[in-house]
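Asks: Residue numbers (my numbering), protein chains in the order written: chain F, 1 to 231; chain L, 232 to 462; chain D, 463 to 693; chain U, 694 to 924; chain H, 925 to 1155; chain P, 1156 to 1386; chain R, 1387 to 1617; chain Y, 1618 to 1848.
Here a beta-carbon is modelled for each residue, glycine too, at the ideal position from N, C-alpha and C.
Below is a structure I'd like to ask you about.
Protein chains: 8
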Amino acid sequence: MTGSEEGAFRFDDVGFARPDVGREARQGLAEVIYGPGKQTVHIVELVRHALEHNEGPVLVTRVDSEVAADVTAEIGGRYVPEARLLAWRPAETTDFTVAIVSAGTADAPVAREAEAVASALGLATVFIPDVGVAGIHRVLAETDRLRAADAVICVAGMEGALASVVGGLVGAPVIAVPTSVGYGASLEGVTALLAMMASCAAGMVVVNIDSGFGAAVAAFRIARAARKDHR
Amino acid sequence: MTGSEEGAFRFDDVGFARPDVGREARQGLAEVIYGPGKQTVHIVELVRHALEHNEGPVLVTRVDSEVAADVTAEIGGRYVPEARLLAWRPAETTDFTVAIVSAGTADAPVAREAEAVASALGLATVFIPDVGVAGIHRVLAETDRLRAADAVICVAGMEGALASVVGGLVGAPVIAVPTSVGYGASLEGVTALLAMMASCAAGMVVVNIDSGFGAAVAAFRIARAARKDHR
Amino acid sequence: MTGSEEGAFRFDDVGFARPDVGREARQGLAEVIYGPGKQTVHIVELVRHALEHNEGPVLVTRVDSEVAADVTAEIGGRYVPEARLLAWRPAETTDFTVAIVSAGTADAPVAREAEAVASALGLATVFIPDVGVAGIHRVLAETDRLRAADAVICVAGMEGALASVVGGLVGAPVIAVPTSVGYGASLEGVTALLAMMASCAAGMVVVNIDSGFGAAVAAFRIARAARKDHR
Amino acid sequence: MTGSEEGAFRFDDVGFARPDVGREARQGLAEVIYGPGKQTVHIVELVRHALEHNEGPVLVTRVDSEVAADVTAEIGGRYVPEARLLAWRPAETTDFTVAIVSAGTADAPVAREAEAVASALGLATVFIPDVGVAGIHRVLAETDRLRAADAVICVAGMEGALASVVGGLVGAPVIAVPTSVGYGASLEGVTALLAMMASCAAGMVVVNIDSGFGAAVAAFRIARAARKDHR
Amino acid sequence: MTGSEEGAFRFDDVGFARPDVGREARQGLAEVIYGPGKQTVHIVELVRHALEHNEGPVLVTRVDSEVAADVTAEIGGRYVPEARLLAWRPAETTDFTVAIVSAGTADAPVAREAEAVASALGLATVFIPDVGVAGIHRVLAETDRLRAADAVICVAGMEGALASVVGGLVGAPVIAVPTSVGYGASLEGVTALLAMMASCAAGMVVVNIDSGFGAAVAAFRIARAARKDHR
Amino acid sequence: MTGSEEGAFRFDDVGFARPDVGREARQGLAEVIYGPGKQTVHIVELVRHALEHNEGPVLVTRVDSEVAADVTAEIGGRYVPEARLLAWRPAETTDFTVAIVSAGTADAPVAREAEAVASALGLATVFIPDVGVAGIHRVLAETDRLRAADAVICVAGMEGALASVVGGLVGAPVIAVPTSVGYGASLEGVTALLAMMASCAAGMVVVNIDSGFGAAVAAFRIARAARKDHR
Amino acid sequence: MTGSEEGAFRFDDVGFARPDVGREARQGLAEVIYGPGKQTVHIVELVRHALEHNEGPVLVTRVDSEVAADVTAEIGGRYVPEARLLAWRPAETTDFTVAIVSAGTADAPVAREAEAVASALGLATVFIPDVGVAGIHRVLAETDRLRAADAVICVAGMEGALASVVGGLVGAPVIAVPTSVGYGASLEGVTALLAMMASCAAGMVVVNIDSGFGAAVAAFRIARAARKDHR
Amino acid sequence: MTGSEEGAFRFDDVGFARPDVGREARQGLAEVIYGPGKQTVHIVELVRHALEHNEGPVLVTRVDSEVAADVTAEIGGRYVPEARLLAWRPAETTDFTVAIVSAGTADAPVAREAEAVASALGLATVFIPDVGVAGIHRVLAETDRLRAADAVICVAGMEGALASVVGGLVGAPVIAVPTSVGYGASLEGVTALLAMMASCAAGMVVVNIDSGFGAAVAAFRIARAARKDHR
């Protein structure tokens, strides 16, 4: 840890939590606040702290509309209800484009979270819903848009087969998000998770079940790598 | 159980086993002999008994080439090595066509078992190997042959995604066979099994892991249903 | 994809969804609408769209009675409460007969869904409930009706043993449906699913837990195969 | 622990083991020696010790034929190869009859272990192999013999459905033994274990996978309960 | 099936169900009615039917107090609230004694169901609660009562260790009942189930999670075997 | 699929396989040949075909040294024994740098596969082995090298904790590879897989167990995204 | 059991339970009362009994605030709401210090239970929350306090990686507590449990999911061992 | 990290590994070398390095006798074959006593590893084998020796019940080691692991399956805590 990076390894102690205020310096993104189980007063305090000690976007995930209303009444911010996301100081949109493709209408909340987080972090997004493989021509019709993207987030529940198809169509990074959509043998998303892991499409990567958020941050990391000058 | 069906519920006692000699009358196919764990002498005795008390095909599954050589030296029969199948009195080929489509070259033994059993039971077969979804255009190029088939057996390991794609392409019955091909998250075929079960393609059905045999008999049952006069 | 099939690979974009309007051409059945998680207004819009762009039956599955009342108030349709099914333009009944046999009274909702969907798709149905193997004479007494059927759907929870018994009684295709009925070691239907997969009855096939719908569509696919002229 | 039972709670220390020499007094059966992983010299020493400090049968389970030859060369005893059992001082046969019924020929080693242990413990046995439910008439033909038995041990792998059928046929105690026979979804016997646990046949009980030994001892416990004078 | 047993294989068809009215003849106990998911009117009808077509006890299990009040208002019967059991025509108590031993106070509902069902079926019962192995002297203090019993039902959740201890203390049949008591690694009773299955106490048998009912019927089967004259 | 991309959707049929010769056009990398289960003659034929129909690197994975010797005797190529990789026409090294960090010495084969594949695909690599978290200062000492990398591949078995630590140290994409190293509760890599999926480090992605290959291709996809001009 | 220890093996029978009143003599801590599922009247009775028959601390765990209010209204006691703990007669604080370190704010309830129980048992505590490994510098900043502790309790959900890091930092006993915090692949705490078990940090030990209580008692056992005079 | 502790955070780089030479300073024990998968030459090099850079005991675990012979021929050392342990410079025995109690003779290798590692680390050991709970009087007879120990390591496979019994007998720390002994439902040690985790004995802790080594190091950590002066 060289001295010049000192800021990357700071943290504060606010009693009930230790905000990692070096994270923006280390990773280009302030510590994101996970909403569930937190009291509104704590969310407000953490957001205030984050706004003060960071310069870029501040996010709270998985917030329902009532809590969101209470929080925004206190400290403003924008709420994206279909993504259950609260955001402050969204980044300016860059030319790094992420296509978010999803298998069924029931996968929408997860796909929308991926889209909203990616947008707030400055990625350009293309949203392609309801192209599950039972009607394979739907995703094939999107081949050009998918191949034009710099990265693809593929959201699917049940057996998660869409990810393998998309992984084979494009050369860009493909981030698969298993969802808990389905019943019986879909085992609350575990089947899709395992299937995506075992996929025959080489070089596809996977994040946690229902984690549209995780996929968007993975895309953000890739965009950072791309922003350097490589050839 | 009406009197005329009496023959359908007979069985013999040969000491170490009770051959279900009514099965051919009940189901159109003599009891198939499962090879593993049986002494060659017992296989020979069961085949002899089956040939004598039935009229149609007699099969032994999962037989390696050495045992097969010993058995055929005693009582003839045809051995299909890539399917590990021994067969006597194969049925005449009918016009009921089963397409057997498989995802990768490693799935070949299971696909070949399905093909060899289906052939022995009188089904016409079309064999379409190595069309996994990582190169989706390969299976799409076979759309016409798949749609022309009366039934489709789809063999796939790893994440098993091919089954969902095929299930959405054709209106015929699709019998999915998960295979134990793959490593890690493929869990020896359990992942493909669960994924096929949870598939978004409506009306697809699944048999046990690596059971090319089971899939072929399922197709045979369907062919029997089709042989009646329906409109 | 030959030109004459162009219609088989169409789809529409209605914003929140991409109805696969080629599915009826491809598979003989319009895309079925899965009810859970959808707003009533979306169900109505999808049904309207389906009625307009298809010619045959239109179905919505897993709809509770209140939603059903709202939907039918808007666009008519028939609701089968014990199957939680909404149907429009049911097909004319053909002579392809499916026997639906179930193990216990608690399996009734799944069995009724299978029956209602099969009926709506034009299959003749025979309903044989509560013949679980703990009183094996009950299912044996139905041997004649089971053997007369062109296909059998077997619905069972707990250990799912009925499927193996029925699979051995008849030569017709047997589609096993595990249900989530039971407690403890039945693991919400996973035990029945695995047991049906591992069944000793050759050529039996399995669909997802509680999927009476999937079993009925599988039977419909078989009936389509049977409608061709085979001998 | 009253004084008169003192003998029931003795044990010896032979260095590498602590034989529970009170077990015969407590349970009517000397501690049975589990063969795998033991050196022949230790087996011989434990058998000698058991013969000296007990009065009834002494058993060693899961012994292969080579070890058995070495042991019997030293201290006699009878070896039952198909059950892999070594026995000394078998009990006189009583009138308590156990029917041992098994589903397939591959279940034979487990069924034979149950039979050999039961015989050595003085139970009369009836052996009914290869009556799996895919040909249900085979087990039904044995209804009288099954119903005449004082207890039934039911051995089955794959989906284990035979146990539920037998459990419903007879009023006697039914001890189900899942076996590791099968592949894929049979999960090395776990599926049969769960299925037997979840069985719809009331009052059936289950022992460990492949434990013919456990089932026989369970029957022995029941026979002891029956030897008292109840009405 | 000899003619004299004809009555053992009868059943009725009451529309929504097929009461197995031969079961009392086959097994000495009328088909027990499983309460959950049944409408009160159906429970009443099934109880009436059972009372009419059988001679001995009639039971409904897992009934909450409100349903029980409605049912008994219609057709009488006795309700045991801590066991959630409804009973009619309980059998006279015999001299076959079942000790019901449980590990913790939270296991009481399962233990009480075992006791109430056993009592209704004419077994004498001894109830020994809260003797878990963390204070091993509690169960040891009951050694005499346990060893005096003709059979023992052992009810335990968490790790289920009590069953192994009791299985080693007595020579009588021991029926282990895993319960869903516990959290985390107890996996809703699956851990106790597996542990009881894998027990080092030879000849112990296991029933489904939380099935005090199943254990009591198992004991009843043993009592029937004991009622014959063996020596 | 626009005409200009026609080459991206070609494939050949060589009898036993259908090489996806459009893959290099689609994804920048020819179809990689999976070695296990293939005959040497087939490997040679597939490599020849790949060399002829593609322009860039050709790889065969998981090849042991004997097969490698036979193959290279026929058609040359370079074998990397510690990675079990065969490579032809490796790409020129670019300035996109991947750090490959591994937890223990036993993880070396997987880490070496990642390194060898990445190198063959033209990525610059930095290899940092044996920095497991039980001595956390070892990985911290590499902070500068890790943070200088464009992407990080993190290889770890047992509990896989290293991935979370690295995921929090750097802002670049982190690709976690669970390995099957460990025993007992590590469940052949499943525990590490689940742990990496559930990681608290936002935006980390995961590939299949032991798939150094998959991780390297994922890095290659990212490098492709980075080669475009983004800011 | 020597005579002088007689008191260590006493218990009482209060009807619904058998308080193990010898436990304080055996283990230095009276039997702790598990709150869930108990009626308030029973909790009061058990506490009264425990206060009377023991000398040291009496605890009730997992009590919500309403029940706590009812109980304390009857018999006093101190309620720690964030730990859901009721305590009477807490022990005097000794110089044995336990550091309680937790990964995230959502782990607080489990960590607080560990702290409150440890305090009530006389251990000195240091509380270090929210130092998860995604910002590894937070826990490193606590190295001195961690290394000064006599034992460390490490509470973490999701992938549980913090435990391995702490296990490598200190030489004192480390007790890992997996929590059910997280979603998807965290499997309600099972992933953290397995990961902690499979940890590369030698000599770390693990307790049940969410069992802050269990960890504190483990620390108490260690403190007892430490109170003897060793060198 | 204060300067005085600098030595605690050193490591070396020997090419194929990074020995954590600060570990002895941090934890009182040099990094232990895990034998499996390492070449003999590497083991020798790591041992030499460890002997040079540390002052206390150096251990290699899980070494078979042939490798051990090769290693000791090069650099001396003592091999304990039944524990598969190589040791150099064992610590002087202290007065901290660990009782190692095991359930069955098949658990001996794990118990012996625990004993040998504990001895090498300077702990006094008491070895109590073969006291499984099926003969509960065997472990009760050891109550005094168990209660005299400063810590107890309890080794058990199958259902692991011994751990709960021992956990309730003594007040000292109890470290439970599940073993892979058993078959069927014991699931290679996973059942014992879960059962020990779910144990009703408060404050028991668990290590990985078959990890006698882990248990001994846990005891060593406790002994270190005890060596400080607490009261």
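1) Would residue 1607/R and residue 1790/Y be called neighbours here (beta carbons separated by less than 7 angstroms)?
2) What would DSSP say about residue 320/L, mapped onto helix, strand or coil?
3) Taking only beta-carbon positions, decide if residue 222/F is within less than 7 angstroms of chain P.
4) So which residues of chain U does residue 1697/Y contact, with C-beta pairs closer than 7 angstroms?
5) Going by CA-CA distance only, name the one from 1644/Y, 1817/Y, 1666/Y and 1795/Y that's closest to residue 1650/Y.
6) Using a Cβ cut-off of 7 angstroms (strictly closer), state whether residue 248/L contacts chain U.
7) Here's the rule: buried if 16 or more other CB atoms are within 10 angstroms of the residue's CB, otherwise exposed. What is residue 1389/R?
8) Below 7 angstroms CB to CB, which residues in the same chain sit around residue 1685/Y once its five sequence neighbours on both sides are set aside?
9) If you measure from the CB of residue 620/D, is any heavy atom of the ligand GTP nearer than 6 angstroms?
10) Within 10 angstroms of the Cβ of residue 1648/Y, are there 16 or more other Cβ atoms? Answer buried if so, exposed if not.
11) From the DSSP output, which residues share a beta bridge with residue 1234/P?
12) Just tell me which of 1784/Y, 1815/Y and 1792/Y has its CA closest to the CA of residue 1105/H.
13) On the DSSP letters alone, give me the boundaries of the alpha helix (DSSP H) that residue 1043/H sits inside.
14) Rounded C-beta distance between residue 569/D and residue 499/D? I'm assuming under 8 angstroms.
15) Report yes or no: do three or more beta-carbon pairs, one from the stretch 1252 to 1268 of chain P and one from the stretch 1360 to 1370 of chain P, lie closer than 8 angstroms?
16) Any C-beta of chain P within less than 9 angstroms: which residues of the stretch 1558 to 1589 of chain R qualify?
17) Using alpha carbons as the reference points, say which of 985/H, 1044/H, 1049/H and 1064/H lies closest to residue 964/H.
18) Taking the beta strand (DSSP E) that residue 1796/Y belongs to, which residues open and close that run?
19) Does the structure place the stretch 786 to 793 of chain U close enough to the stretch 836 to 850 of chain U that three or more beta carbon pairs sit under 8 angstroms?
20) According to DSSP, simplified to helix, strand and coil, what is residue 758/U?
21) Output, in chain order, the set of chain R residues within a Cβ distance shorter than 8 angstroms of residue 1055/H.
22) Which residue spans inside the stretch 1399 to 1432 of chain R form an unbroken alpha helix (DSSP H) run of at least 4?
23) Around the Cβ of residue 1776/Y, are there at least 16 other Cβ atoms within 10 angstroms (buried) or fewer (exposed)?
24) Since residue 1604/R meets chain Y, which of its residues come closer than 9 angstroms, beta carbon to beta carbon?
25) Under 8 angstroms between beta-carbons, which chain Y residues line up against residue 1248/P? List them in chain order, please.
26) Note down the Cα distance separating residue 1749/Y from residue 1124/H, rounded to an integer number of angstroms.
27) Mind listing the chain H neighbours of residue 751/U? Cutoff is C-beta to C-beta under 9 angstroms, in chain order.
28) With respect to the alpha helix (DSSP H) encompassing residue 1144/H, which residues constitute its N-terminal and C-terminal limits?
29) Give the straight-line distance between the Cα atoms of residue 686/D and residue 580/D, rounded to the nearest whole angstrom.
30) Verify the CB distance criterion: does residue 1393/R have a CB-CB separation below 7 angstroms to chain H?
31) List, in order along the chain, the chain Y residues whose C-beta lies closer than 8 angstroms to that of residue 795/U?
Replies: Short version:
1) yes
2) coil
3) yes
4) In chain order: nothing, as chain U lies at least about 16 angstroms away.
5) 1666/Y
6) yes
7) In this prediction, residue 1389/R scores a pLDDT of 35, lower than 50, which makes its location untrustworthy; no coordinate-derived value is stated.
8) 1696 and 1703
9) The ligand GTP is absent from the structure shown, which contains no ligand whatsoever.
10) buried
11) 1241/P
12) 1815/Y
13) 1032 to 1044
14) The pair is not a contact, with the Cβ atoms about 25 angstroms apart (cut-off 8 angstroms).
15) yes
16) 1568, 1569, 1570, 1571, 1572, 1573, 1576, 1577, 1578, 1579, 1580, 1581, 1582, 1583, 1584, 1585, 1586, 1587 and 1588
17) 985/H
18) Element bounds for residue 1796/Y: n/a, residue is neither H nor E.
19) yes
20) helix
21) 1404
22) 1409 to 1413
23) buried
24) 1790, 1791, 1819, 1820, 1821 and 1822
25) Those within 8 angstroms of residue 1248/P in chain Y number zero; the least Cβ separation is about 23 angstroms.
26) 8 angstroms
27) Within chain H, no residue comes near residue 751/U; the closest Cβ sits about 14 angstroms away, beyond 9 angstroms.
28) 1136 to 1151
29) 13 angstroms
30) no
31) Under the 8 angstroms cutoff, chain Y gives no residues; its nearest Cβ is about 17 angstroms from residue 795/U.
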